[in-house]
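Number of protein chains: 2
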Amino acid sequence: MTQVTVPTASAPELPEDGITAPAAVDVAALGSHLLGNWADIRRQARELAGRPEVQGIDGLTMTEHRERVSSQLKYLVDSGAVHRAFPKYLGGEDNHGGNIAGFEELVVADPSLQIKAGVQWGLFGSAVLHLGTKEHHDKWLPGIMNMDIPGAFAMTETGHGSDVASIGTTATYDRQSQEFVLHTPFRAAWKDYLGNAAKDGLAAVVFAHLITRGVDHGVHAFFVPIRDEQRNFLPGVGGEDDGLKGGLNGVDNGRLHFDHVRIPRTNLLNRYGDVAADGTYSSPIASPGRRFFTMLGTLVQGRVSLDGAAVAASKVALSIAIKYANERRQFNAASETTEEVLLDYQRHQRRLLPRLATTYAASFAHEELLEQFDGVFSGTHDTDEDRQDLETLAAALKSLSTWHALDTIQECREACGGAGFLAENRLPSLHADLDVYATFEGDNNVLLQLVAKRLLADYAKEFRHADFGVMARWVAHKAADATLHRTGLRQVAQTFVDSGSGKKSANYLKDENTQRQLLTERVSAMVKEAGNALRSASRMPQADAAALFNEHQNELIEAARAHAELLQWEAFTRALPGIEDRDTRQVLTWVRDLFGLGLVEKNLGWYLMNGRLSAQRARTLGDYINRLLARLRPFSLDLVDAFGYGPEHLRAKIASGAEGMRQEEAMAYARTRRASGEAPVDEKILIARQKAAAKREKRRAAAGN
Amino acid sequence: MTQVTVPTASAPELPEDGITAPAAVDVAALGSHLLGNWADIRRQARELAGRPEVQGIDGLTMTEHRERVSSQLKYLVDSGAVHRAFPKYLGGEDNHGGNIAGFEELVVADPSLQIKAGVQWGLFGSAVLHLGTKEHHDKWLPGIMNMDIPGAFAMTETGHGSDVASIGTTATYDRQSQEFVLHTPFRAAWKDYLGNAAKDGLAAVVFAHLITRGVDHGVHAFFVPIRDEQRNFLPGVGGEDDGLKGGLNGVDNGRLHFDHVRIPRTNLLNRYGDVAADGTYSSPIASPGRRFFTMLGTLVQGRVSLDGAAVAASKVALSIAIKYANERRQFNAASETTEEVLLDYQRHQRRLLPRLATTYAASFAHEELLEQFDGVFSGTHDTDEDRQDLETLAAALKSLSTWHALDTIQECREACGGAGFLAENRLPSLHADLDVYATFEGDNNVLLQLVAKRLLADYAKEFRHADFGVMARWVAHKAADATLHRTGLRQVAQTFVDSGSGKKSANYLKDENTQRQLLTERVSAMVKEAGNALRSASRMPQADAAALFNEHQNELIEAARAHAELLQWEAFTRALPGIEDRDTRQVLTWVRDLFGLGLVEKNLGWYLMNGRLSAQRARTLGDYINRLLARLRPFSLDLVDAFGYGPEHLRAKIASGAEGMRQEEAMAYARTRRASGEAPVDEKILIARQKAAAKREKRRAAAGN
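Chains as they are written, first to last, in numbering that gives the first Met the number 0: chain A, 0 to 704; chain B, 0 to 704.
Dropping the structure here:
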């Protein structure tokens with residue numbers, strides 16, 4: 000509970016529904032609520048991230064930064080901070096959700112450290128853990144865990160990023176020697192952008208098409224030593240440094256290529272596909288397509304943790320900008336002597352508070368994603384449907400939250416003016432480092448298209464020949480399983496057409512059911528429209544079908560975005576009853592309304608065009624949002640304080656209270672001067688006085704006549 | 000005229016209005032048209048910017064980068080590239096428009112170089128030129144021009160950025176010694192973010208409140224020596240280095256403060272205000288307010304040149320991303336053997352082509368701004384109204400183009416995937432450097448508010464008691480002066496309500512008059528609405544008036560944005576008839592339509608809510624835009640080639656043709672392998688064959704029964 004600057008320009012009104020205006024936010028309780036299921040691990044991780052030893056230093060050269068991060072990895076090992084997901088018998092905790100919760104907080108120390116750790120333990124180590132079997136675990140995991148074997152995750156190629164199935168690297172089984180021969184057939188098949196590849200990696204998990212007995216069994220993963228102890232490439236292995244990047248320069252990204260490099264047959268990570276000594280291929284999953292997606296599915300934690308890291312980075316940026324906006328004053332408006340506090344300007348509220356609301360939504364949604372992830376990886380909820388839901392949810396949320404982080408950091412940077420551009424105020428490096436989160440572990444547009452395809456598939460399954468009765472039954476069915484963690488297409492029971500009365504518009508708009516209906520209806524209508532348009536595609540030649548799909552690609556991706564936003568809104572709404580303090584719950588409900596109505600405002604054209612909102616009602620929406628902003632403004636500091644990031648995490652001079660002190664000093668100087676009578680007279684005032692005197696003189700002269 | 004990859008997925012249709020589909024764009028002619036009035040100077044400047052000597056090098060430390068840029072400034076002097084605005088008698092050319100045209104192209108070499116040059120000659124030198132008088136010119140300009148006197152432009156303070164009138168530094172006249180005493184009374188009054196202040200500056204033009212005989216005459220500019228020849232601060236002067244920034248690290252930004260520093264009376268740059276030996280103040284401009292704005296107005300060229308630089312940076316980014324998107328292939332869709340070219344995806348078109356259209360609009364608008372600027376500064380069009388129009392236009396366009404550059408560079412970076420994040424592909428540093436353009440030389444939000452106030456003032460002047468007859472006369476009057484370079488509020492002759500027939504929607508939407516009416520009507524309706532809401536403010540106490548204004552701040556700023564977009568659209572439309580080649584003009588007309596209709600789509604909610612567009616018509620808009628994208632796609636390379644930036648300007652490996660060669664190599668490999676019969680069989684195909692064989696066997700067995 001922070002002291003609140005009373006806004007001068009736009010005082011919050013009393014809510015019109017007779018609710019007593021909330022007095023305060025219970026920051027501590029809200030903070031605990033936000034920490035979620037793995038609160039203790041998050042607290043430990045934040046304590047760690049607050050130590051200068053693990054933090055980034057601005058202005059290091061790439062070489063220095065890489066060295067610093069490499070040595071920090073060993074510090075993480077010694078701190079016991081990064082092994083939670085590994086098996087207990089090897090010193091881990093078999094704790095998958097907790098592992099991610101802790102890992103994603105590293106972004107607050109230095110995103111380079113987070114990503115380098117993610118490469119080592121989240122990608123390279125995870126691939127050995129999830130795609131390998133016991134023999135591999137025993138042989139390599141201890142060295143991976145303790146950093147004896149730094150390794151690269153060699154999936155992406157220069158020619159293929161998000162389309163992993165099309166990579167060009169091959170691993171051809173040689174029966175004679177019982178070896179796989181790894182080969183890079185052309186330049187586009189070089190592995191690229193791999194952390195640990197430019198400098199530190201001694202080994203790599205290499206993804207390649209497994210070929211045995213003349214059959215290509217699709218992409219599999221192989222454990223491949225790449226450097227000797229002197230860090231020289233082993234025979235047949237070559238590579239390049241990716242060099243300087245837009246950010247994350249503590250990670251040594253690089254390229255690798257293989258010229259008929261031979262590895263033992265048993266280096267195939269063989270959980271989902273194996274080759275016997277005689278070259279016979281076998282797999283527990285008969286369908287090559289399903290096998291491929293199962294293998295890739297084990298790596299979903301990358302997306303899950305990027306989602307969490309993006310949310311954490313957004314929280315840091317907003318904490319900085321909102322603290323500053325509560326102290327910084329600029330321009331006189333309400334008074335000639337006191338300038339306005341930035342956050343009292345409606346425009347400044349419009350810039351920061353909706354992004355704060357989205358960050359809350361993304362935070363609650365991430366917590367649900369983490370639960371879903373833990374359910375699948377711990378085996379407690381591990382059906383095929385669970386896994387598919389997890390992948391859809393991760394793709395949907397990672398796209399939105401990484402874009403949101405970039406947008407938010409940029410707006411925060413601008414909202415802090417020139418100060419926001421200084422490295423000492425943190426925001427520039429945060430943007431530079433987070434930038435690539437939007438395209439790695441799956442390009443956001445590609446991920447949203449995956450989500451769209453899932454929505455289309457649901458639509459095809461449920462509605463292809465649906466009349467209204469079927470739809471209603473489906474809705475009832477969906478409602479019955481409470482929709483928690485269900486990410487597929489949802490539908491409201493009936494098409495919803497706004498009757499359009501302008502009366503009680505505010506009550507109407509803030510109603511939870513209204514918001515749910517508006518958001519849900521948009522998703523289902525968009526999917527339905529696209530689904531109907533694409534219905535004929537299945538009977539078309541491939542090129543025509545592709546062209547038809549392409550004509551609807553943009554609207555499909557927008558439908559997926561709308562779906563992901565709905566998931567965030569639902570997660571936020573589900574989190575509200577868990578807030579026990581009444582005042583806090585009221586404030587958070589306003590934050591949720593701001594998020595939900597902001598989505599409606601953003602897509603107002605759609606709602607009007609499709610008769611879901613009357614023009615009359617639509618005209619009240621902007622005003623209502625402005626009123627929400629004014630109501631929330633006094634709680635803005637509480638709402639960022641609840642994120643729980645201290646000065647050791649924010650590390651921004653302008654968020655340290657220095658600005659407030661400068662303002663105090665300047666105002667005290669002005670007060671003293673005015674009181675002393677020594678202040679010079681403003682020329683404008685002098686002129687006004689002279690004019691008044693001249694007028695008086697004129698009047699006197701006239702009276703004297 | 001480049002060879003065009005024929006799109007496979009969405010072939011452009013014939014325009015439905017019977018126009019023959021354009022065959023080609025005359026790239027050379029379009030390029031010349033874009034170069035504008037000062038084409039030769041632009042060509043010279045681009046030749047210069049293409050030299051490695053003036054270009055940035057990635058990965059330099061801050062110290063190295065600063066040294067490199069400092070020495071590059073001397074190279075610019077030797078190249079005779081930066082003195083065009085200075086007086087002929089001192090070796091300049093008195094060419095104001097041409098000077099900016101040349102200067103803004105420096106951004107293509109290195110934005111740090113552009114900004115450092117801008118500090119030295121555009122701000123520091125310009126202040127001496129425009130605020131000083133002949134004595135000052137003779138004394139200091141030669142040294143400023145040849146870099147003997149590197150200097151800072153000390154306007155901004157830690158406590159005050161865009162609100163210059165409120166700075167705290169004072170310059171008090173001491174009659175005894177005939178000196179001004181410069182003083183920084185508190186920490187917030189330190190000068191901050193000043194280029195040349197951290198390291199190189201020997202002098203500064205310092206803005207301070209001029210106080211003489213007990214009267215504060217407002218902000219004036221003073222020439223103040225700050226360092227001796229050994230680069231040590233002179234007595235009473237102190238400062239700090241701003242240190243590392245998010246970008247522009249070749250510029251040595253820093254802070255300055257003054258402890259009763261004495262300078263001769265004649266160091267006051269006294270064109271608009273002077274102090275006699277006895278302390279008497281005099282000015283050719285009686286009103287302190289008008290005097291202040293006149294002084295600041297001389298510095299509008301900063302905004303003008305940032306507008307041009309932002310447009311240039313957007314062109315570079317789009318050239319890189321669109322060249323790459325024409326070569327890069329990803330995912331199979333229309334065929335199993337050939338992947339799709341990125342720009343054939345509708346989504347990719349949606350990401351890049353509307354931004355290309357906006358860049359064209361911003362480019363044509365900038366050229367008009369430059370003409371307006373040249374008219375005012377050369378004295379050929381230099382009325383008060385001309386100056387006010389120039390300031391409004393500069394504020395409006397600079398805001399939009401600097402934001403647009405950031406948005407465009409970011410989208411281009413993401414559209415190039417992981418490659419876009421590598422320094423070798425240029426986009427990351429372009430974003431980092433351009434970032435601060437959105438907040439310096441006037442924060443964009445503050446600038447748009449200035450524009451809004453101008454619109455409100457126009458509205459108040461013209462419409463306060465207006466009936467329809469007055470409005471019609473005003474429109475006629477405005478139409479008579481052709482609206483070229485008039486930036487104030489414009490109004491269409493009658494309120495425009497869409498009658499809503501869905502027929503011929505495409506013809507309706509692409510009609511120039513429709514677009515003009517839709518865009519114009521939105522601006523005037525928004526201003527009118529806000530103006531009416533604020534009408535009572537003038538009779539309110541200050542605090543109440545401020546609160547009322549604040550309640551409408553966001554919509555006012557949005558109105559200003561709509562106005563600025565309209566100005567861009569008008570400039571684009573005015574540029575079309577100048578394109579002589581019929582096909583080229585047709586293509587550019589589509590680009591203009593894409594820009595105009597994109598603005599309508601972005602604000603569709605407003606148009607529907609206010610009855611300006613029928614729901615039926617609105618529903619056709621998205622499809623029509625998609626069709627425009629497909630039509631423009633084959634000309635995308637031509638449209639960026641016309642920008643005229645060569646490899647020496649783009650300096651991005653992915654835009655060098657390397658990607659196309661890699662694709663060719665990979666495809667050739669696949670072809671050879673298929674032809675050889677040695678390619679392994681895909682397991683999926685094998686399974687399909689086995690299933691078919693099993694089916695045949697079963698049938699055979701059944702037949703045998």
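We put the beta carbon where it would ideally sit given N, CA and C, even for glycine.
Please read these numbers as outputs of a predicted model, since none were measured by experiment.
DSSP places A:Pro-287 in the uninterrupted alpha helix (DSSP H) bounded by 287-296. Look at A:Glu-677 here: in three-state DSSP terms it is coil, with no helix or strand label.
The residue from B:Glu-663, B:Leu-603, B:Arg-699, B:Thr-358 with its alpha-carbon nearest to that of B:Thr-337 is B:Glu-663.
DSSP lists no beta-bridge partner residue for A:Leu-317.
Between B:Ala-276 and B:Arg-264 the beta-carbon gap is near 7 Å, inside 8 Å, which marks them as a contact. C-alpha of B:Ala-529 to C-alpha of B:Ala-451: approximately 10 Å in a straight line. Taking all protein chains shown into account, B:Asp-622 has fewer than 16 neighbouring C-beta atoms within 10 Å of its C-beta and is therefore exposed. Proximity to B:Asn-252 across A:Ser-165, A:Ala-422, A:Ala-667, A:Gly-272 peaks at A:Ala-422, based on C-alpha coordinates.
Proximity to A:Met-154 across A:His-135, A:Lys-190, A:Gly-35, A:Glu-511 peaks at A:Lys-190, based on C-alpha coordinates. Contact check for A:Leu-598 and A:Leu-518: beta-carbon distance about 6 Å, within the 8 Å limit, so the pair qualifies. Within the same chain, and ignoring the five residues on either side of B:Ala-311 in sequence, the residues whose Cβ sits closer than 7 Å to its Cβ are Glu-103, Glu-104, Val-106, Val-107. Rounded to the nearest whole angstrom, the CA to CA distance from A:Arg-186 to B:Lys-652 is 14 Å. In the DSSP assignment, A:Ser-281 forms a beta bridge with A:Asp-273.
Within the region 376-448 of chain A, the alpha helix (DSSP H) runs of at least 4 residues that lie entirely inside it are, in chain order, 383-414, 426-433. Partner residues in the beta bridge of B:Val-340, as assigned by DSSP, are B:Arg-328. Under the 10 Å beta carbon count, B:Val-303 is surrounded by 16 or more other beta carbons and is classified as buried. Assigned with DSSP and collapsed to three states, A:Phe-363 falls in helix. Ranked by Cα distance from B:Asn-531, the options B:Arg-573, B:Pro-283, B:Phe-594, B:Ala-456 are led by B:Ala-456. Less than 7 Å separates the beta-carbon of A:Asp-25 from that of A:Asp-580. Listed by position along chain B, the residues whose Cβ is nearer than 7 Å to that of A:Ala-437 are Glu-413.
Between B:Gly-160 and A:Tyr-323, the alpha-carbon positions lie close to 15 Å from each other. For B:His-208, the uninterrupted beta strand (DSSP E) run begins and ends at 202-211, by DSSP. For B:Leu-649 and B:Leu-429, the gap between their C-alpha atoms comes out near 11 Å.
Setting aside the 5 residues that flank it on each side, B:Val-445 is surrounded in the same chain by Ser-161, each with a C-beta closer than 6 Å to its C-beta; the list follows chain order.
Chain order gives the chain A residues near B:Ser-334 as Gln-541, Ala-542, Ala-545, where near means a beta carbon separation below 9 Å. Look at B:Ala-320: its C-beta is not under 7 Å from any C-beta on chain A.
At the C-beta level, B:Val-375 and B:Asp-381 come within 7 Å of one another. Per DSSP, A:Asp-215 is one residue of the beta strand (DSSP E) stretching across 214-224.
Interface flag for A:Tyr-192 against chain B is set, since a Cβ pair is found closer than 7 Å. Rounded to the nearest whole angstrom, the CA to CA distance from A:Leu-612 to B:Arg-573 is 38 Å. At least one beta carbon of chain A lies nearer than 7 Å to the beta carbon of B:Gly-417. Distance from B:Tyr-644 to A:Gly-417 at the Cβ level is roughly 29 Å; contact not present, criterion being Cβ atoms closer than 8 Å. For B:Leu-685, the chain A residues whose Cβ falls inside 7 Å of its Cβ are Val-214, in order along the chain. Distance from the CA atom of B:Gly-97 to the CA atom of B:Ala-320, rounded to whole angstroms, is 30 Å. Between the alpha carbons of A:Gly-238 and B:Arg-42 lies a gap of roughly 40 Å.
Taking a C-beta cut-off of 7 Å against chain B, the contacting residues of the region 50-77 of chain A are Asp-57, Gly-58, Thr-60, Met-61, listed in chain order.
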